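In the UniProt record's numbering, the protein residues as written are 1 to 622. See below for the structure under consideration.
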Amino acid sequence: KHHAVQDESVILDSATSLNDLLKADEKNWDLGTEACKSLANVLRTASVRTPLGEANIIESLSTLLQTTSGQQTDFRLQSLRVLGNLCFDNVSNRKRVKEAGIIPMVATWFETERTDLIRTICGFYLNSSMDYAPIQIEIAECGAADNLLKLVKYDEEDDGTITMTIKVLDSLASEDTARKVIAKPSTVKIYLDTLEDLYKSGEYTDDLDNLENLVDTLLQIIMDDDNLQNEIIDLGKLNFLLDFLENTDLLISDKEEKERLEEVRKTVSKIAIYATSTDSKMDELYDDQEVLSRFLNMASSENEVVHQCAAYALGNLARSDQHCIELVEKYNLSKLLLDLYQNTENATFQYAILGCLKHLCLPVPNKAKIGQDDCIRILTPALDESKDMLKRNQFLTIGIIKLLCAGNYENAVKIIQENAFTSVVAFIKRVDDVAAKSEATRVLTNLIKTIWVEKDNLDIRNQVIEAHIIEPIIELIRTSTHPVLKNDGIMALTLIFSDPESKSILDKALPLVIADPPVIDINESVQNEDEPQQAPQKPELRSFLQVLVDNICSEKTDMPVQIKCNMCVLLIKIITAANSVEGHENIITSIRSLALERLESVEEDNEELYKYSHALAKALSQ
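Structural data, given as structure tokens:
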């Protein structure tokens, strides 16, 4: 109790002194300094901060400070202690400081020779700007931030000034408007130099606060800015960042410190990855043999942060066909990535690996090599139902399998023989997402195109039919609303029915054309979790043949003529096939009853379509 009474008398005495000082024409600054000194000490007690703020002490100090000159350094310093303590954890006082115009006024005091004043300015800016955007923005815009940036360096003798400065700047970096002011090439240089000096001193584990704030600020300012990402490369600092990742001392015994350093390394890794991500530096980095070899070596590192960084960076460099081909042929990158994929449980990292593999699968020459690396066997388990919560990973996996079997016979055979296609077919039946369904069906259409183009492979073709690959393709054509996808399916089926030699295959394939469509439970409305606003798609109740005939004959569809013509060709091939194999006359009857009359009403002036629809009608009339 005695303590509180003492505080109150100190507050009263100090407030009286400051009021007298305000009124006096000839000011006794020393008395003011003493008053502020006592006040600042009392303000270490949280409960007095709000009442003092409400007693207009902030406005009084602002008025006094405006009349000071460089001669009154001690008064300025003690006033800032009062203001800084008033702002500690106190939003209403921060607001008063902002409104009293103190932030820009103090920015003009950086010229002083006195380091203790500089330190106090930094402390005041720190307390007033913490979690308070209006002051963060003002520090940036009034020029104070530039003065703070000049203070950032590594100094083992730091009296607290640098640590506080780095903290203030880190809080500025978390605010959009303030960040834009400090996000410039000179800042990137200051921060990288400071980090490198700190790293080389070997003392960084004793300086984790600064280390955390330095890397965090650097990441924040380069994250959305290609030019600043390029600056890291232009300053020649990429190797330093990678040294930091590979060589930082993780033999710290203290568990908490170890975890903090691990987070710092993850942030440094992100900075390095951003530095390798711009289009304008892709060739320069790739052509730098030292950089490329370094990333390839890092990719085999035991250390998780190191090999993940390498995989992301190599993914950034693998964005042109020429790079992709060389990375696979010369550097065996696909094998490296597949090894990493198998050795991690981290789904986000797997996603990054899959993204890079997908780029590598695009150039035709890579398909064979990546297939030989056992890619299909390694990736297919991602399509299991147990992995359905990782939709993005499944989608990339499907995309990779689709690319690998496009035009590559060995891979197509692998997909059949390693049973990968059964996972794809099960996936198609199971998922509701239209994009995923169609991407997966394209695996099957690619498979058919690739296998049917080869000769003398009846046994593989038989395996395709017996694997129930045709049914999902018929389903795609029947239900899809995307003409391009429909057309994909039509071209695949046309290949199957164009081969009169393989009667055994046609005999199995023909009944599928008139099979009943899968039963749909109308009550079960399909909702796509990602897009809850969409009304559920109306189920398609027409049969496969009905849909084809409607698409060909209806004036109203937005189906391109070229695709309508392809549909006619498919039906002609089906009729020819049905004629060549005994016991399938009912198919021709079905098509005739659905289509003949309607085909005759296609106008001759629709030249291209008429040619095909006429040929189809003729085939039906024979």
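Just so you know, even glycine gets a beta-carbon here, dropped at the ideal spot from N, CA and C. Just so we're clear, the structure is a prediction, and the values are computed from it rather than from any experiment.
Output the residue ranges of the alpha helix (DSSP H) runs that lie fully inside the region 265-345 and measure 4 residues or longer, sorted by chain position. 282-287, 289-298, 304-317, 321-329, 333-342
Specify the secondary structure class of HIS614 as computed by DSSP and reduced to three states. Helix at HIS614.
Please go through the same chain and pick out, in chain order, the residues whose beta-carbon is closer than 6 Å to the beta-carbon of SER334, but skip the five residues on each side of it. VAL328, LEU360, ILE370, ASP373
GLU231 and VAL268 - do their beta-carbons sit closer together than 8 Å? no
What do you reckon, are the CB atoms on LEU493 and ILE469 nearer than 8 Å? no
Would you mind sorting ASN289 into buried or exposed? The rule is 16 or more other CB atoms within 10 Å of its CB. For clarity, residue 289 is Gln in the given sequence; the question names Asn instead. So GLN289 ends up on the exposed side.
At which residues does the alpha helix (DSSP H) containing HIS359 begin and terminate? 347-361
Following the continuous alpha helix (DSSP H) through VAL424, name the residue where it begins and the one where it ends. 420-430
Please say whether GLN136 and ALA178 have beta carbons closer to each other than 8 Å? yes
Nearest by alpha-carbon distance to ASN85: which of GLN66, GLU326, GLY123 is it? GLY123
Over what stretch of residues does the alpha helix (DSSP H) that includes ALA35 continue unbroken? 29-42
In whole angstroms, what is the alpha-carbon distance linking GLU196 and ASN247? 13 Å
The alpha helix (DSSP H) that contains GLN546, what's its start and end? It spans 544-553 - the alpha helix (DSSP H) in which GLN546 sits, taken as one unbroken run.
In chain order, what residues of the same chain have a beta carbon less than 7 Å from the beta carbon of ASP488, not counting five sequence neighbours either side? ARG442, THR445
Under 8 Å: do the region 141-148 and the region 92-101 share three or more Cβ pairs, one atom per stretch? no
Let me check understanding here. Comparing Cα to Cα, which of THR450, PRO500, ALA509 lies closest to GLU471? Nearest C-alpha to GLU471: ALA509.
Alpha-carbon spacing of LEU569 relative to LYS266, whole angstroms: Here residue 569 turns out to be Val, not Leu, going by the sequence shown. In a straight line, the C-alpha of VAL569 is about 58 Å away from that of LYS266.
My output table needs one value for GLN6: the three-state DSSP class, helix, strand or coil. helix
Whole angstroms is fine: what's the gap from GLN342's alpha carbon to ILE378's? 7 Å
Does the beta-carbon of MET164 have 16 or more other beta-carbons within 10 angstroms, so that it is buried, or is it exposed? buried
What do you get for GLU604, buried or exposed, if any count of 16 or more other CB atoms within 10 angstroms of its CB means buried? exposed
Considering only their Cβ atoms, is the gap separating LEU512 from LEU548 smaller than 8 Å? no
Opening and closing residue of the alpha helix (DSSP H) in which SER438 lies: Here the alpha helix (DSSP H) through SER438 covers 434-453.
Using a 10 Å radius around the Cβ and a threshold of 16 neighbouring Cβ atoms, would you call GLN66 buried or exposed? exposed
Among residues of its own chain, excluding the 5 on either side of THR73, which ones have a beta-carbon nearer than 8 Å to its beta-carbon? Once the five neighbours on either side are set aside, the close Cβ partners of THR73 are THR112, ARG114, LEU117.
Can you tell me whether ASN28 is buried or exposed? The criterion is at least 16 other CB atoms within 10 Å of its CB, across all chains shown. exposed
Flag VAL602 as yes when its Cβ comes closer than 7 Å to any non-hydrogen atom of the ligand ADP, and as no otherwise. The ligand ADP is not part of this structure, which contains no ligands at all.
What's the gap between the Cα of ASP384 and the Cα of LEU337? 21 Å
Could you pull the start and end residues of the alpha helix (DSSP H) that ASP170 belongs to? From DSSP, the alpha helix (DSSP H) with ASP170 extends over 161-173.
Where does ILE469 sit, in a helix, a strand or coil, going by DSSP? coil
For the region 26-40 against the region 4-16, do three or more pairs of beta-carbon atoms, one drawn from each stretch, fall closer than 8 Å, so that the two count as touching? When Cβ pairs closer than 8 Å are counted between the two stretches, the region 26-40 is seen to touch the region 4-16, the count reaching three or more.
In angstroms, rounded to a whole number, what distance separates the CA positions of LEU476 and ILE398? 16 Å
Restricting to runs no shorter than 4 residues, where is the alpha helix (DSSP H) found entirely within the region 189-232? DSSP runs (the alpha helix (DSSP H)) wholly in the region 189-232: 208-222.
Candidates ASP558, ASP499, LEU541: closest to VAL581 by CA position: The candidate whose alpha carbon is nearest that of VAL581 is ASP499.
Evaluate the contact criterion for the region 222-240 versus the region 295-302: three or more CB pairs, one atom per stretch, below 8 Å. These segments do not touch.
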